[in-house]
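A short worksheet on the structure shown next.
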Amino acid sequence: MDVQDILEAVFTFDNYAQLLPLVRNSLIAGAVLGVLGGLIGTFVMMRDLAFAVHGIAELSFAGAAFALLVGANVVAGSLVGSVLAALVLGLMGIRARDRNSIIGVVMPFGLGLGILFLALYEGRAANKFGLLTGQIVSVDDVQLNLLLGCAVVVIVALIAIWRPLTFASADADLAEARGVPVRGLSILFMVLLGVSVALSIQVVGALLVLALLITPAAAALKVTSAPGLVVLLSVVFACTSVVGGILLALGGRIPISPYVTTISFAIYLVCRLVGSRRTARRSRRAVLSSGRVRAAGDGRQGA
Amino acid sequence: MTPTTSRPARSPHGAAGRPAISLRGAALSFGSRTLWEDLDLDVMPGEFFAVLGPNGSGKTSFLKVLLGLQPLDSGTATIDGRPIARGSRTLGYIPQQKSFPPETPLRARDLVGLGIDGHRWGVRMRSRSHRDLVDGLLRDVGASSYADAPVGLLSGGEQQRLRAAQALATDPRVLLCDEPLLSLDLNHQQAVSSLINRQCHERHSAVVFVTHEINPIIDYVDRVLYLADGRFRVGSPAEVMTSEVLSDLYDSPVEVLHSNGRIVVVGLPDATTHHHEGV
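Chains as they are written, first to last, in our numbering: chain L, 1 to 303; chain D, 304 to 582.
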């Protein structure tokens with residue numbers, strides 16, 4: 001395979017207009033999952049749950065593989081796996097350290113189980129690969145409705161708990177003193193996260209789910225701290241990655257996930273570059289003002 | 304710094320001199336170790352009440368009882384005449400200084416805003432009155448200059464001023480402070496403690512101030528609860544912070560020295576509790 005072949009595999013736009021209607025469902029699903037990923041990603045970053053997302057994804061993969069093996073609905077299997085994993089993490093790991101070690105223990109086990117189920121499965125090999133690297137290209141109406149239904153429920157629930165969840169994520173002690181049900185919210189959030197992971201796996205696969213749930217929010221946090229803008233940017237970045245990925249993948253012969261992850265990564269790089277200037281400016285200002293405070297303090301002591 | 308928010312001043316001593324905090328026969332223990340027992344205490348509105356003692360003497364647990372996060376083993380506790388309920392709106396709370404991660408998606412004003420309505424469900428709609436309230440609080444604590452700065456990039460002292468603003472947002476009847484000056488430099492210690500003092504003596508909130516270091520607040524304190532080894536003593540600083548009382552509490556010779564309006568305690572039995580040693 002020479003460079004020309006590779007390029008043709010990655011970017012071919014022959015018959016693009018005819019192909020586009022075929023991916024209508026995928027585009028809708030991708031856009032909605034982009035919104036979901038962007039919204040929940042901000043809380044994942046705030047609550048330091050990036051590793052948990054990865055762990056949940058592997059267990060979700062095991063659930064989906066089991067569903068594939070026994071001929072059940074793959075999305076449902078994926079949902080069961082990730083919600084169970086999320087609940088276990090929500091109930092057991094309060095501190096980030098404990099949580100990370102639990103994830104480190106459970107994740108390879110989930111991945112191993114998934115590989116076992118796939119090894120036993122005798123159907124199409126593309127289905128197997130799809131679980132790990134994404135399979136949205138062929139979303140039928142039934143799947144689309146299930147995806148959309150779940151995504152809307154999660155988005156509505158997130159908006160309903162938005163403020164107290166922000167409070168609890170920023171300062172759990174203070175929120176608890178103010179009567180915010182910190183523990184209940186944390187468990188509910190893990191369930192919502194579990195569902196989001198299971199849905200995202202349908203687009204980008206278990207291995208690449210971080211590109212949808214972490215990278216857009218992480219990129220947004222590099223350029224701003226205004227909460228509304230963080231959420232807006234994060235959603236825009238996630239949607240751009242997914243929808244853009246699907247549109248680009250349409251031309252080539254490879255799965256969509258490399259496109260999604262590459263766009264998402266490129267956005268992150270740009271944001272990081274922009275952000276490094278911003279923090280440099282801010283810390284220069286901080287140095288200046290602390291110098292002022294010190295000077296004022298010296299004056300007071302001398303008086 | 305004068306209060307600029309237009310909040311109606313409360314009449315001193317609230318409803319007919321009723322205590323803001325009242326404990327009767329209160330006791331708390333961890334396993335077989337008694338932190339304190341037979342504690343009878345009334346803290347009045349407008350009183351600055353300091354809780355002192357070595358590590359592990361039950362200072363923070365005392366605060367947790369008042370916050371409703373820790374039930375008493377026996378006795379009763381009321382705030383504003385009512386049994387303690389978790390998340391009461393009559394309470395303000397300033398926790399220990401703990402830094403926010405650099406990429407927290409909140410600006411200073413957002414953090415203060417959470418103190419006003421962070422417990423409510425849903426999303427806050429854009430509101431003029433909310434914005435004005437936040438601006439007023441930021442002005443009160445002298446944080447206007449960094450109102451739009453990311454909280455994660457602020458210094459510990461700046462963050463602690465915001466926590467004070469959060470706690471004062473509801474003009475609480477009772478203000479609970481858990482070592483709020485810890486790890487702050489001298490300037491910020493003075494700034495934060497004078498803010499708390501203003502809420503206490505001008506707006507007549509009862510302040511419970513847990514600390515291992517009385518000197519930064521020595522000018523404000525009305526009474527002291529000193530906890531040590533399962534026993535306690537309540538009284539004015541002049542009554543409690545003496546060689547006799549502390550030697551008796553610790554059951555070993557302790558010397559209290561006064562120097563330039565500051566208190567230095569020498570010879571504490573537990574070397575890990577270097578309190579009252581100046582900053």
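The C-beta atom is built at its ideal place from N, Cα and C for all residues, glycine as well.
Just so we're clear, the structure is a prediction, and the values are computed from it rather than from any experiment.
- Task: Give the straight-line distance between the Cα atoms of Val-568 (chain D) and Ala-468 (chain D), rounded to the nearest whole angstrom.
- Result: To locate residue 568 (chain D), count along the second sequence from 1; it is residue 265. To locate residue 468 (chain D), count along the second sequence from 1; it is residue 165. Using only the alpha carbons, I get a separation of about 33 Å.
- Rounded distance between the beta-carbons of Ile-387 (chain D) and Thr-381 (chain D), thought under 8 Å: Taking the first residue of the second sequence as 1, we reach residue 381 (chain D) at position 78. Taking the first residue of the second sequence as 1, we reach residue 387 (chain D) at position 84. The pair is a contact, with the Cβ atoms about 7 Å apart (cut-off 8 Å).
- Would you mind giving the Cβ-Cβ distance between Leu-479 (chain D) and Val-511 (chain D), rounded to the nearest angstrom? I have them listed as a contact below 8 Å. To locate residue 479 (chain D), count along the second sequence from 1; it is residue 176. To locate residue 511 (chain D), count along the second sequence from 1; it is residue 208. That belief holds up - the Cβ atoms of Leu-479 (chain D) and Val-511 (chain D) are roughly 5 Å apart, short of 8 Å.
- Taking the alpha-carbon positions, what's the Gly-244 (chain L) to Leu-372 (chain D) distance? Numbered from its first residue, the first sequence carries residue 244 (chain L) at position 244. Numbered from its first residue, the second sequence carries residue 372 (chain D) at position 69. Distance between the alpha carbons of Gly-244 (chain L) and Leu-372 (chain D): 49 Å.
- Task: Measure the alpha-carbon distance for Ala-318 (chain D) versus Asp-345 (chain D) and round it to whole angstroms.
- Result: Position 15 of the second sequence, counted from the start, is the residue given in the question as residue 318 (chain D). Position 42 of the second sequence, counted from the start, is the residue given in the question as residue 345 (chain D). Only weak support exists for where Ala-318 (chain D) lies, its pLDDT of 48 falling under 50; the coordinates are left without a value.
- Query: What is the rounded straight-line gap between the Cα of Gly-228 (chain L) and the Cα of Ala-323 (chain D)?
  - Reply: As a working note, residue 228 (chain L) is residue 228 in the first sequence. As a working note, residue 323 (chain D) is residue 20 in the second sequence. Put simply, the backbone Cα of Gly-228 (chain L) is about 39 Å away from that of Ala-323 (chain D).
- Message: Helix, strand or coil, according to DSSP, for Glu-558 (chain D) in the structure here?
- Response: Indexing the second sequence from 1 puts residue 558 (chain D) at position 255. The answer is strand: DSSP assigns Glu-558 (chain D) an E or B state.
- Mind checking Asp-48 (chain L): buried by the 16 CB within 10 Å criterion, or exposed? As a first step, residue 48 (chain L) is located in the first sequence; it is residue number 48 there, counting from the start. Exposed, since its Cβ has fewer than 16 Cβ neighbours within 10 Å.
- Task: Could you check which residue in L:Val-70, L:His-54, L:Leu-7 has the C-alpha nearest to that of Leu-89 (chain L)?
- Result: Working through the first sequence from its first residue, we reach residue 89 (chain L) at position 89. Comparing Cα positions, the closest option is L:His-54.
- Query: Expressed to the nearest angstrom, what Euclidean distance is found between the alpha-carbon atoms of His-577 (chain D) and Met-428 (chain D)?
  - Reply: Reading the second sequence from its first residue, position 274 is the one you call residue 577 (chain D). Reading the second sequence from its first residue, position 125 is the one you call residue 428 (chain D). At His-577 (chain D) the pLDDT is 45, less than 50, meaning the model places this residue with poor confidence; the figure from the coordinates comes in the next sentence. The alpha-carbon atoms of His-577 (chain D) and Met-428 (chain D) are separated by roughly 48 Å.
- Task: Let me know the secondary structure DSSP gives Ser-360 (chain D) once reduced to three states.
- Result: Residue 360 (chain D) sits at position 57 when you count from the first residue of the second sequence. Correct three-state label for Ser-360 (chain D): coil.
- Which partner residues of Tyr-396 (chain D) appear in the DSSP bridge assignment? Against the second sequence, residue 396 (chain D) aligns to sequence position 93. Paired residues: D:Leu-479.
- Message: Is the beta carbon of Val-203 (chain L) closer than 8 Å to that of Leu-192 (chain L)?
- Response: The count along the first sequence starts at 1 and reaches residue 192 (chain L) at position 192. The count along the first sequence starts at 1 and reaches residue 203 (chain L) at position 203. Result no, Cβ atoms of Leu-192 (chain L) and Val-203 (chain L) do not sit closer than 8 Å.
- Item | Three-state class that DSSP yields for His-579 (chain D) in the structure shown | Walking along the second sequence from the start, residue 579 (chain D) turns up at place 276. Reliability fails at His-579 (chain D), whose pLDDT of 46 lies under 50, so the model's placement of it is uncertain and no value is given.
- Query: Going along chain D, which residues have a C-beta under 9 Å from Val-180 (chain L)?
  - Reply: Reading the first sequence from its first residue, position 180 is the one you call residue 180 (chain L). Those are Gly-390, Gly-421, His-422, listed as they occur along chain D.
- Task: Inspect the beta-carbon positions of Leu-207 (chain L) and Leu-132 (chain L) and report whether they are closer than 8 Å.
- Result: Taking the first sequence and counting its residues from 1, the one referred to as residue 207 (chain L) is at position 207. Taking the first sequence and counting its residues from 1, the one referred to as residue 132 (chain L) is at position 132. Contact flag set, yes.
- Query: Does the distance from the C-beta atom of Arg-464 (chain D) to that of Val-444 (chain D) stay below 8 Å?
  - Reply: If you number the second sequence from 1, residue 464 (chain D) lands on position 161. If you number the second sequence from 1, residue 444 (chain D) lands on position 141. Closer than 8 Å, so yes.
- Task: Mind listing the chain L neighbours of Tyr-396 (chain D)? Cutoff is C-beta to C-beta under 7 Å, in chain order.
- Result: As a first step, residue 396 (chain D) is located in the second sequence; it is residue number 93 there, counting from the start. Ordered by position in chain L, the residues that pass the 7 Å Cβ test against Tyr-396 (chain D) are Leu-174, Ala-177.
- Say whether chain D places a C-beta atom closer than 8 Å to the C-beta of Pro-216 (chain L). Taking the first residue of the first sequence as position 1, residue 216 (chain L) is located at position 216. Not closer than 8 Å to any Cβ of chain D, the Cβ of Pro-216 (chain L) fails to qualify, so no.
- Query: Residues in its own chain within less than 6 Å of Tyr-259 (chain L) by CB, not counting five upstream and five downstream?
  - Reply: Translated into positions along the first sequence, residue 259 (chain L) becomes position 259. Cβ neighbours of Tyr-259 (chain L) beyond the five flanking positions: Gly-245, Leu-248, Ala-249.
- How would you call Glu-547 (chain D), buried or exposed, if buried means at least 16 neighbouring beta carbons within 10 angstroms? Within the second sequence, numbered from 1, the residue matching residue 547 (chain D) stands at position 244. Glu-547 (chain D) should be labelled exposed.
- Contacts that Phe-167 (chain L) makes with chain D (C-beta to C-beta distance below 8 Å): Taking the first residue of the first sequence as position 1, residue 167 (chain L) is located at position 167. Within 8 Å Cβ-Cβ: Leu-417, Gly-421, His-422.
- Under 7 Å by beta carbon: chain D residues contacting Ser-200 (chain L): Counting from 1 along the first sequence, the entry for residue 200 (chain L) is found at position 200. Simply none; closest approach about 21 Å.
- Task: Could you tell me the boundaries of the alpha helix (DSSP H) in which Ile-246 (chain L) lies?
- Result: The residue labelled residue 246 (chain L) in the question sits at position 246 within the first sequence. Element bounds for Ile-246 (chain L): 227-251.
- C-alpha distance - Ala-218 (chain L) paired with Thr-261 (chain L), whole-angstrom precision: Indexing the first sequence from 1 puts residue 218 (chain L) at position 218. Indexing the first sequence from 1 puts residue 261 (chain L) at position 261. Taking the straight line from one Cα to the other gives about 14 Å.
- Message: Let me see if you follow: with CB-CB separation under 8 Å, is Arg-163 (chain L) close to chain D or not?
- Response: Looking up residue 163 (chain L) in the first sequence gives position 163. So, interface residue.
- Can the beta-carbon of Gly-81 (chain L) be found less than 8 Å from the beta-carbon of Leu-59 (chain L)? Stepping through the first sequence from its first residue, residue 81 (chain L) is reached at position 81. Stepping through the first sequence from its first residue, residue 59 (chain L) is reached at position 59. Closer than 8 Å, so yes.
- Query: Just how far apart, CA to CA, sit Cys-239 (chain L) and Val-437 (chain D)?
  - Reply: For the purposes of this step, residue 239 (chain L) is taken as residue 239 along the first sequence, with counting starting at 1. For the purposes of this step, residue 437 (chain D) is taken as residue 134 along the second sequence, with counting starting at 1. If you draw a straight line from the Cα of Cys-239 (chain L) to the Cα of Val-437 (chain D), it is about 33 Å long.
- Task: Measuring alpha carbon to alpha carbon, tell me which of D:Ser-458, D:Lys-362, D:Asp-532, D:Ser-402 ends up nearest Glu-516 (chain D).
- Result: By 1-based counting over the second sequence, the position of residue 516 (chain D) is 213. Selected option, being the one with the closest Cα: D:Lys-362.
- Task: Using a Cβ-Cβ cut-off of 8 Å, state whether Phe-262 (chain L) counts as contacting chain D.
- Result: By 1-based counting over the first sequence, the position of residue 262 (chain L) is 262. It is Thr, not Phe, that sits at residue 262 (chain L) in the sequence shown. No, its Cβ sits nowhere closer than 8 Å to a Cβ of chain D.
- Looking only at its own chain, which residues have a Cβ that is under 7 Å from the Cβ of Gly-134 (chain L), when we skip the five neighbours before and after it? Along the first sequence, read from residue 1 onward, the residue named residue 134 (chain L) stands at position 134. Only Val-203, Val-204, Gly-205, Leu-208, Pro-255, Ile-256, Ser-257 meet the Cβ criterion.
- Task: Using the DSSP secondary-structure output, state which residues sit across from Pro-453 (chain D) in a beta bridge.
- Result: For the purposes of this step, residue 453 (chain D) is identified with residue 150 of the second sequence, where counting begins at 1. D:Arg-410.
- Query: Who are the near neighbours of Val-524 (chain D) in its chain, counting only those whose CB is closer than 6 Å to its CB and skipping five residues on each side?
  - Reply: Counting from one through the second sequence, the residue named residue 524 (chain D) turns up at place 221. Excluding sequence neighbours, Val-524 (chain D) sits near Phe-351, Ala-353, Pro-540.
- Would you call Gly-77 (chain L) buried or exposed, if buried means 16 or more other Cβ atoms sit within 10 Å of its Cβ? By one-based count along the first sequence, residue 77 (chain L) stands at place 77. Answer is buried; the Cβ neighbour count reaches 16.
- Starting from Trp-339 (chain D), follow its DSSP beta bridges and name the residues at the other end. If you number the second sequence from 1, residue 339 (chain D) lands on position 36. Among the bridge pairs identified by DSSP, Trp-339 (chain D) is matched with D:Leu-331.
- Residue interval of the alpha helix (DSSP H) (run including Arg-434 (chain D)): As a position in the second sequence, residue 434 (chain D) is number 131, starting the count at 1. Element bounds for Arg-434 (chain D): 431-443.
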